[in-house]
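Student: First to last, the sequence lines map onto chains A and B. If you're matching positions, the first sequence starts at 1448 in my numbering and goes up one per residue. If you're matching positions, the second sequence starts at 7 in my numbering and goes up one per residue. I am attaching a structure below and will ask some questions about it afterwards.
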Amino acid sequence: MTIGGRADENAELGKILGPAVPYGEIADVVEDFAAAYLELR
Amino acid sequence: MRANSRRSGQSIKDGALALDPTVVADIAARFRYPDYEALEDNPPRTGTGARGQPLPRLARQFRRQPQAPGYAIVTLSLKPEGGPPGDATAQQMDAIADLAERYSFGEIRASAMSRIWRLPHVAQRGPSGVVARARGNRGRHANVNLISDIIACPGLDYCSLANARSIPVAEEISRRFKDLDLARNLGRLHINISGCINACGSPSHRAHRHPRGREERRGILTR
């Protein structure tokens, strides 16, 4: 999973975040990302 | 980056590759805008309904048409909850064509976000009608630029290079974030999904979040 990439005028490559994630857990991890983002922003 | 691009572009434009003005004029004549009406620019209406009520869910689907005062660019999302991102049925494509005929001088654009259709020349007095009719034809997903506006490569379902399936992941994420209030609270967020390390779903790894399929000894993982 990479995170933080941008495709606009401030283009940036995403950074690899942690170890690989099993296929069946991707949606869970995305939900965790979203929850952490809402909590920390 | 923008300044560098501008400097680089200017050096090419003014250098040995400078074009003859007659050639530029000839090319420009081949790109014509529609016969726009002379309308007053009234951007606030792009975010309001027929009775002037605010339509915040729809506002992000409209942008002012920079070439013509009084007109808007309307984006229609084809990213349904629990469905493959970008798929359109024959009926939906007919409906989009009808909307283009009625509101947008017969023009439709597929955007760089792929799988999103844009009507580029809609009079600002018309967007609420466009959206109402698009909703009636299941082209109604008001999730443009939100977390469920996902780009997924074809993945293992259609691509022989892939290690993992992409589309089911996109479908599951769109189900998890079907609550548009939650999605709007998260704000603009792009997820691109690729079924292998070639990363077709996100060239140059530009997405905010980007799972890519990898095959490892323990089985198919994503990274």
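All residues carry an ideal CB built from backbone N, CA and C; glycine is no exception. Predicted, not measured: the structure shown is a model, and the values here were computed from it.
Just to make sure I have the definition right: I need the residues of chain A whose C-beta is within less than 8 Å of the C-beta of Glu178 (chain B). Which are they?
Tutor: As a position in the second sequence, residue 178 (chain B) is number 172, starting the count at 1. Result: Ile1473, Ala1474.
Student: Is the beta carbon of Cys202 (chain B) closer than 8 Å to that of Ala158 (chain B)?
Tutor: Against the second sequence, residue 158 (chain B) aligns to sequence position 152. Against the second sequence, residue 202 (chain B) aligns to sequence position 196. No; because the gap between Cβ atoms is not below 8 Å, this pair is not in contact.
Student: Using the beta-carbon count (16 or more within 10 Å), is Gln97 (chain B) buried or exposed?
Tutor: Your numbering for residue 97 (chain B) matches position 91 in the second sequence. Under this definition Gln97 (chain B) is an exposed residue.
Student: Going by alpha carbons, who is nearest to Val1476 (chain A) out of B:Phe183, B:Asp20, B:Pro72, B:Arg190?
Tutor: Counted from its first residue, the first sequence places residue 1476 (chain A) at position 29. Comparing Cα-Cα distances from Val1476 (chain A) to each of B:Phe183, B:Asp20, B:Pro72, B:Arg190, the minimum goes to B:Phe183.
Student: Hey, does Leu1485 (chain A) have any beta-carbon neighbour from chain B nearer than 8 Å?
Tutor: Along the first sequence, one-based indexing puts residue 1485 (chain A) at 38. Taking Cβ atoms only, chain B reaches closer than 8 Å to Leu1485 (chain A), which makes this a yes.
Student: When DSSP labels each residue in this structure, what does Ala148 (chain B) get in the three-state scheme?
Tutor: Numbered from 1 along the second sequence, position 142 holds the residue referred to as residue 148 (chain B). The answer is coil: DSSP assigns Ala148 (chain B) none of H, G, I, E or B.
Student: So, helix, strand or coil for Ala56 (chain B), using DSSP?
Tutor: Here residue 56 (chain B) corresponds to residue number 50 of the second sequence, with the count starting at 1. The pLDDT assigned to Ala56 (chain B) is 48, lower than 50, so where the model puts this residue is not dependable, and the model offers no usable value.
Student: Quick test of your reading: Val80 (chain B) and Leu125 (chain B), contact by CB under 8 Å. State the CB separation rounded to the nearest angstrom.
Tutor: Working through the second sequence from its first residue, we reach residue 80 (chain B) at position 74. Working through the second sequence from its first residue, we reach residue 125 (chain B) at position 119. About 5 Å separates the two Cβ atoms, so the contact holds.
Student: For Thr28 (chain B), count neighbouring Cβ atoms within 10 angstroms of its own Cβ and tell me buried if that reaches 16, exposed if not.
Tutor: Residue mapping note: residue 28 (chain B) aligns to position 22 of the second sequence, counting from 1. So Thr28 (chain B) ends up on the exposed side.
Student: Please identify the residue among B:Ala129, B:Ile179, B:Ser200 whose C-alpha is closest to the C-alpha of Arg70 (chain B).
Tutor: Sequence index remark: in the second sequence, residue 70 (chain B) carries index 64 (1-based). Comparing Cα positions, the closest option is B:Ala129.
Student: Starting from Val80 (chain B), find everything on chain A with Cβ-Cβ shorter than 8 Å and list it in chain order.
Tutor: Mapped onto the second sequence, residue 80 (chain B) falls at position 74. The contacting residues do not exist; Val80 (chain B) stays about 21 Å from chain A at best.
Student: Please say whether Trp123 (chain B) and Leu186 (chain B) have beta carbons closer to each other than 8 Å?
Tutor: Along the second sequence, one-based indexing puts residue 186 (chain B) at 180. Along the second sequence, one-based indexing puts residue 123 (chain B) at 117. In this structure, Trp123 (chain B) does not lie closer than 8 Å to Leu186 (chain B) by Cβ.
Student: Across which residues does DSSP place Asn198 (chain B) in a beta bridge pair?
Tutor: Residue 198 (chain B) sits at position 192 when you count from the first residue of the second sequence. Bridge partners of Asn198 (chain B): B:Ile157.
Student: Just to make sure I have the definition right: I need the residues of chain A whose C-beta is within less than 8 Å of the C-beta of Val175 (chain B). Which are they?
Tutor: For the purposes of this step, residue 175 (chain B) is taken as residue 169 along the second sequence, with counting starting at 1. Within chain A, the residues near Val175 (chain B) are Tyr1470, Ile1473, Ala1474.
Student: Confirm, please, whether the CB-CB distance from Gly92 (chain B) to Glu235 (chain B) is below 8 Å.
Tutor: With chain B covering only 7 through 229, there is no way to say anything about residue 235 (chain B).
Student: Roughly how many angstroms separate the alpha carbons of Ala34 (chain B) and Ser200 (chain B), rounded to a whole number?
Tutor: Residue mapping note: residue 34 (chain B) aligns to position 28 of the second sequence, counting from 1. Residue mapping note: residue 200 (chain B) aligns to position 194 of the second sequence, counting from 1. In a straight line, the C-alpha of Ala34 (chain B) is about 38 Å away from that of Ser200 (chain B).
Student: Within 8 Å (strictly less), CB to CB, does Ala116 (chain B) reach chain A?
Tutor: If you number the second sequence from 1, residue 116 (chain B) lands on position 110. Not an interface residue.
Student: Within its chain, find whatever has a CB closer than 7 Å to the CB of Ala189 (chain B); leave out the 5 residues flanking it on each side and keep chain order.
Tutor: For this step, residue 189 (chain B) is matched to residue 183 along the second sequence. So the list reads Asn149, Leu152, Ile153, Ser154, Phe183, once near-sequence residues are dropped.
Student: Measure from the alpha carbon of Gly1471 (chain A) to the alpha carbon of each residue in B:Asn191, B:Ser11, B:Ala170, then state which is nearest.
Tutor: Here residue 1471 (chain A) refers to the residue found at position 24 of the first sequence. Comparing Cα positions, the closest option is B:Ala170.
Student: Measure from the C-beta of Arg182 (chain B) to each C-beta in chain A and report whether the shortest distance is under 8 Å.
Tutor: Position 176 of the second sequence holds residue 182 (chain B). Yes, because at least one Cβ of chain A sits closer than 8 Å to the Cβ of Arg182 (chain B).
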